[in-house]
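Just so you know, we're using this note's numbering here: the sequence shown kicks off at 1 and counts up by one. Note sheet for the following structure.
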Amino acid sequence: MKIVVLHSGGLDSTLAFHIAKEWGAEIFPLYVYSKFLALKHQPVIPDLKIIDVTREFIDIVRSPQHGYGKNLNPCIDCRILMLKKAKEYMEKINADFIITGEVLDQRPMSQRFEQLMQIDKRAGLEGLVVRPLSGGLLPETIPEKKGLISRNDLLGIKGRSRKITLDLAQKMKVERFASPGGGCLLTDPGFCRRLADLMRYQDKVGVRDIELLKIGRHFRLSPETKLVVGRNEEENETIEKMIKQGEILVYVPDTGSPNAMLVGNKKQPIKIAASITARYSDKKNDKSIEVFYKDNRGIKKVRVPAVTNEELAKWRL
Ligand code: SF4
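See below:
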């Protein structure tokens with residue numbers, strides 16, 4: 001018996017993975033990744049197949065067919081996409097079915113009975129998704145009907161409490177899994193604020209735009225321009241590396257200063273960008289601060305005072 005395990009790196013799918021191993025099945029772990037997920041959540045297991053769905057997912061986040069959760073998390077559409085990818089993989093390797101670590105009623109948006117059934121149907125996988133942690137409470141699946149697994153192989157866990165699954169992990173000696181929360185940036189209100197701004201002002205959102213949302217402080221200066229200011233050494237380096245043609249690197253020389261990236265091609269508000277960058281430099285209390293800005297034509301200078309907190313609040317995302 002060959003099984004594709006949709007693995008997220010978290011406790012539940014790690015348990016599902018280990019349960020399937022106990023069945024003596026040949027396991028094919030699959031991680032459906034997008035840039036909206038934190039890398040630290042990636043499962044660390046051998047033979048992990050990774051499919052990056054960032055591009056497809058960006059379109060889904062912009063207009064999800066089944067709506068958003070509390071933030072910009074389109075969980076139902078996301079699960080459908082993940083299962084569609086799992087289906088393609090299952091068919092490619094000729095596996096018998098798919099398992100996931102979902103627990104009935106654990107998440108309000110995507111793990112209620114009706115939603116689980118709807119997601120399977122929309123992914124074209126009716127009866128082919130086995131959920132070992134809650135399967136005892138769900139309709140009989142095709143692998144059960146075929147005798148590949150039996151109802152006794154499936155548990156009847158339900159609800160939001162993690163106590164039962166944590167106890168199970170202890171019993172099964174499962175120690176390596178990502179902690180809950182923080183895995184999906186689409187549930188993070190700060191990230192979603194920046195993303196909503198991006199989708200509002202930019203018709204085309206690319207993978208690089210999403211990468212940029214993950215770093216720095218963001219300021220919307222005009223419909224066409226945005227400033228991203230590094231918060232630490234690592235982000236300053238990333239900003240310098242990410243700058244591309246038409247964008248401007250802003251910094252205060254010879255002092256502790258962030259690197260800032262002025263994004264957007266039209267009518268760049270250099271003075272405002274310089275003034276915000278100066279506000280985060282060690283010279284912020286000087287009356288007039290010399291700020292450098294660099295584009296593909298070279299380096300120029302401008303003198304500005306640091307922006308006040310009141311002004312800053314107008315632009316900050
Ligand atoms: S929390 Fe994020 S990764 Fe998880 S189902 Fe929702 S959108 Fe997808």
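Virtual Cβ for every residue (Gly too), placed ideally from N, Cα, C. Just so we're clear, the structure is a prediction, and the values are computed from it rather than from any experiment.
Open item on the list: Taking 8 Å as the cut-off, is the beta-carbon of S63 closer than that to any non-hydrogen atom of the ligand SF4?
Closed with: In the sequence shown, the residue the question calls residue 63 occupies position 63. No, Cβ of S63 sits at least 8 Å from all heavy atoms of the ligand SF4.
Task: Assigned exposure category for G230 - 16 Cβ within 10 Å defines buried - done: Walking along the sequence shown from the start, residue 230 turns up at place 230. By the 10 Å Cβ count, G230 comes out buried.
TODO: Would you give the residue range spanned by the alpha helix (DSSP H) that V61 belongs to?
DONE: What you label residue 61 is simply residue 61 of the sequence shown in a count that begins at 1. From DSSP, the alpha helix (DSSP H) with V61 extends over T54 to R62.
Open item on the list: For V32 and I98, I'd like the C-alpha separation in whole angstroms.
Closed with: Working through the sequence shown from its first residue, we reach residue 32 at position 32. Working through the sequence shown from its first residue, we reach residue 98 at position 98. Rounded to whole angstroms, V32 to I98 spans 13 Å at the Cα level.
- [ ] Please find out if some non-hydrogen atom of the ligand SF4 comes closer than 8 Å to the beta-carbon of L37.
- [x] Position 37 of the sequence shown, counted from the start, is the residue given in the question as residue 37. Yes, the ligand SF4 has a heavy atom inside 8 Å of this Cβ.
Task: Limits of the beta strand (DSSP E) - the one that G298 falls within - done: In the sequence shown, counting from the first residue as 1, residue 298 sits at position 298. Counting along the chain, the beta strand (DSSP E) containing G298 begins and ends at G298 to V304.
Open item on the list: Going by C-alpha to C-alpha distance, which of R279, F17 and L213 sits closest to V250?
Closed with: For the purposes of this step, residue 250 is taken as the residue at position 250 of the sequence shown. V250 has its Cα closest to that of R279, out of R279, F17 and L213.
Task: beta-carbon N73 near the ligand SF4 non-hydrogen atom, thresh 8 Å - done: To locate residue 73, count along the sequence shown from 1; it is residue 73. N73 has its Cβ nearer than 8 Å to a heavy atom of the ligand SF4.
Open item on the list: Need the endpoints of the beta strand (DSSP E) that K163 sits in, please.
Closed with: Locating residue 163 in the sequence shown gives position 163, counting from the first residue. Not the beta strand (DSSP E): K163 falls in the alpha helix (DSSP H), residues K163 to K171.
Task: Candidates I239, K204 and R194, of which the one nearest W315 by Cα - done: Looking up residue 315 in the sequence shown gives position 315. Taking only the C-alpha atoms, the option nearest W315 is R194.
Open item on the list: On the criterion of 16 or more Cβ atoms from any shown chain inside 10 Å, does K283 qualify as buried, or is it exposed?
Closed with: Your numbering for residue 283 matches position 283 in the sequence shown. So K283 ends up on the buried side.
Task: Closest residue to L81 among P108, A123, E102 and K241 (Cα-Cα distance) - done: For the purposes of this step, residue 81 is identified with residue 81 of the sequence shown, where counting begins at 1. Shortest Cα-Cα distance from L81 to any of P108, A123, E102 and K241 involves A123.
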